Amino acid sequence: MLNVAKLRKDFPVLEENPKLAYLDNAASTLKPNCVIEAVDKYYSKLGVNVHRGVYKLSYLATDAYEEARSKVADFIHASFDEIVFTRGASSALNLVASSYGMPTLKPGDEVITTELEHHSSCMPWINVCEKTGATLKYVPLNEEGRITVEAFKSVLTDKTKVVAITYVSNVMGYITPIEEIISLAHEKGAIVVLDAAQAVPHMPVDVKALDCDFLAFSGHKLCGPTGIGVLYGKAKLLAQMQPIEFGGDMADDVNPYTMTYKDAPYRFETGTPIIASAIGLGKAIEYISSIGLEEIAKYEYYLKQKALEGLKKIPNIEIYNETAETGIISFNIKGVHPHDAASVFDNNDICIRAGHHCAQLIIKWLNTVGTVRASFYFYNTLEDVEKFVQSVKEAQEFFGTL
Ligand code: C6P
Numbered sequence: 002m003l004n005v006a007k008l009r010k011d012f013p014v015l016e017e018n019p020k021l022a023y024l025d026n027a028a029s030t031l032k033p034n035c036v037i038e039a040v041d042k043y044y045s046k047l048g049v050n051v052h053r054g055v056y057k058l059s060y061l062a063t064d065a066y067e068e069a070r071s072k073v074a075d076f077i078h079a080s081f082d083e084i085v086f087t088r089g090a091s092s093a094l095n096l097v098a099s100s101y102g103m104p105t106l107k108p109g110d111e112v113i114t115t116e117l118e119h120h121s122s123c124m125p126w127i128n129v130c131e132k133t134g135a136t137l138k139y140v141p142l143n144e145e146g147r148i149t150v151e152a153f154k155s156v157l158t159d160k161t162k163v164v165a166i167t168y169v170s171n172v173m174g175y176i177t178p179i180e181e182i183i184s185l186a187h188e189k190g191a192i193v194v195l196d197a198a199q200a201v202p203h204m205p206v207d208v209k210a211l212d213c214d215f216l217a218f219s220g221h222k223l224c225g226p227t228g229i230g231v232l233y234g235k236a237k238l239l240a241q242m243q244p245i246e247f248g249g250d251m252a253d254d255v256n257p258y259t260m261t262y263k264d265a266p267y268r269f270e271t272g273t274p275i276i277a278s279a280i281g282l283g284k285a286i287e288y289i290s291s292i293g294l295e296e297i298a299k300y301e302y303y304l305k306q307k308a309l310e311g312l313k314k315i316p317n318i319e320i321y322n323e324t325a326e327t328g329i330i331s332f333n334i335k336g337v338h339p340h341d342a343a344s345v346f347d348n349n350d351i352c353i354r355a356g357h358h359c360a361q362l363i364i365k366w367l368n369t370v371g372t373v374r375a376s377f378y379f380y381n382t383l384e385d386v387e388k389f390v391q392s393v394k395e396a397q398e399f400f401g402t403l
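Residue 151 in the numbering used here is what sits at position 150 of the sequence shown, and the numbering runs on without skipping anything.
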């Protein structure tokens, strides 16, 4: 078990709000002091641009920025030049769709995605398919709302060129059986774009072992700063791709009518990069690695199971993902709009998310208007769980549904 009491001291928001039960970790996690200090240190000790200045401070800033890239690469078992810094998972996934999908796909080609996707994973491909004439196909979900290998096989064909798929659903918390899906896709010559925004912060992820072609995640969901994310791409694919933004820093040789640009990853990082946030992300990775991703995964699941036990004892609760392997619960109090339920949690200092979670396809599949979602991280406690379960009862009393 983790030393949660000690870990909680690392988080100023928890120190300042001792009564707070922060259960919206799938949206964004809290930030520990070491990350805040790393960002502060960049601004107070360096504060200058990278890759450009021919002076010591700029060399130091460049070293700190590139060291963060090395940390990310080591963390997911990638190579240094396979890590592109982006604004977040959304920009990373859009970059693949625009730079890889748009120029390669044509009518007759097929893209496979699923109704479990976050909008940032499916919308870029809806757009690419609309523009290129490629056909978008959805893996039929099973009765629990899961992606199965069998269902994936039913839509995979020789025409499949891209599989855009989530590793862990932000609504259902299910882990996709991704290894088999990747190997089946590769047998057909398709590439796999993995949305790992809800995976990388919560479990060990090894891009080489998975053999995925692209993988995206956000820094702010793993104790890092906002405004920074990562696109991992296999070196040979990144090398084929053209930039979608042009300008400062990515240029190599610019003439009035022709231009060349740097190799990946720099060709995709136009303009002054998000230096402070990248450095903060490097620190966040060091921090969560020191806790251990296996331990984090086990502990979140343990808390989720405890919360589930409590919820299941309360009548008139619809739980949508009882069998989830991660720390996410999606449910509704029957007859109560999720936003109304959320206001009761807020009154009790519990932060949870309510609504469609930017994943309308699965909300429609569930045939509801939205869900209430509690998502756990390593700094949550059994007291948080008790408070949460108690608040569900209170909400029911308040709305007269008990
Ligand atoms: N999901 C949630 O509350 P950004 O916003 O770019 O950092 O991450 C987008 C994203 C992509 N994929 C998945 C699976 C996600 O869960 C998210 C973000 C948050 O569920 C905010 S909508």
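Beta carbons: idealized from backbone N, C-alpha and C, even for Gly.
These numbers come from a predicted model, not from an experiment.
Relative to the non-hydrogen atoms of the ligand C6P, the Cβ of T167 comes within a distance shorter than 7 Å of at least one. Annotation for R9: the continuous alpha helix (DSSP H) segment containing it runs 5-9.
Here F332 carries a strand assignment [DSSP, helix/strand/coil]. The C-alpha of K154 is placed about 12 Å away from the C-alpha of T114. The shortest C-alpha to C-alpha distance from S184 to any of L211, P13, T161, A93 is the one to L211. In this structure, P226 and V40 form a Cβ contact; the two beta carbons are roughly 6 Å apart against a cut-off of 8 Å. Non-local beta-carbon contacts of D207 in its own chain, meaning distances under 8 Å to residues more than five positions away in sequence, involve I77, H78 in chain order. Residue range 260-262 is occupied by the beta strand (DSSP E) that includes M260. Per DSSP, reduced to three states, the secondary structure at G220 is helical. Straight across, the Cα-Cα distance linking S290 with S122 is about 26 Å. For I245, no alpha helix (DSSP H) segment is defined, and its DSSP state is neither H nor E.
Around the CB of H203, 16 or more other CB atoms lie within 10 Å, so the residue is classed as buried. Residue state for G311 is assigned as helix, using DSSP reduced to three classes.
Not one heavy atom of the ligand C6P lies closer than 7 Å to the C-beta of Q361. At the C-beta level, L383 and K305 stay beyond 8 Å of one another. The beta carbon of P33 sits closer than 7 Å to those of D11, F12, C224, Y288, all from its chain and outside the five residues before and after it, given in chain order. Annotation: K162 is outside any alpha helix (DSSP H); the continuous beta strand (DSSP E) that includes it extends over 161-167. With a threshold of 16 other beta carbon atoms within 10 Å, F81 falls short and is exposed. When rounded, the separation of the alpha-carbon atoms in Y66 and D25 is 29 Å. The beta-carbon distance between A265 and L239, rounded to whole angstroms, is 4 Å. This is short enough to meet the 8 Å contact definition. The closest heavy atom of the ligand C6P lies less than 7 Å from the beta carbon of G89.
Shown here, V206 sits in coil according to DSSP, grouped into three states, outside any helix or strand. If you ignore the 5 residues before and after E145, its C-beta comes within less than 7 Å of the C-beta of T324, all in its own chain and listed in chain order.
Between the segment 147-165 and the segment 100-115 there are three or more C-beta pairs closer than 8 Å, enough to call the two in contact. Contact annotation, D350 with A22: C-beta distance approximately 6 Å; criterion of less than 8 Å satisfied.
Counting of Cβ neighbours within 10 angstroms places K314 among the exposed residues, the total staying below 16. Taking 8 Å as the upper bound for CB-CB distance, I334 and I320 are not in contact here, some 11 Å apart. Just so you know, the alpha carbons of A191 and M173 end up roughly 26 Å apart.
With a beta-carbon spacing of about 59 Å, V337 and T261 fall beyond the 8 Å limit used to define contacts. DSSP places V73 within a helical segment (H, G or I) once states are collapsed to three.
Note that the segment 49-60 does not touch the segment 377-395; fewer than 3 beta-carbon pairs, one per stretch, sit closer than 8 Å. With a cutoff of 7 Å, R354 counts as near the ligand C6P, since its C-beta is closer than that to a heavy atom of the ligand. Counting only runs that start and end inside the segment 91-143, the beta strand (DSSP E) elements of at least 3 residues fall at 111-115, 136-140. For N349, the Cβ stays outside the 7 Å cut-off from all heavy atoms of the ligand C6P. In the three-state scheme derived from DSSP, where H, G and I count as helix and E and B as strand, R354 is classed as strand.
Rounded to the nearest angstrom, the gap between the Cα atoms of K132 and G102 is 10 Å.
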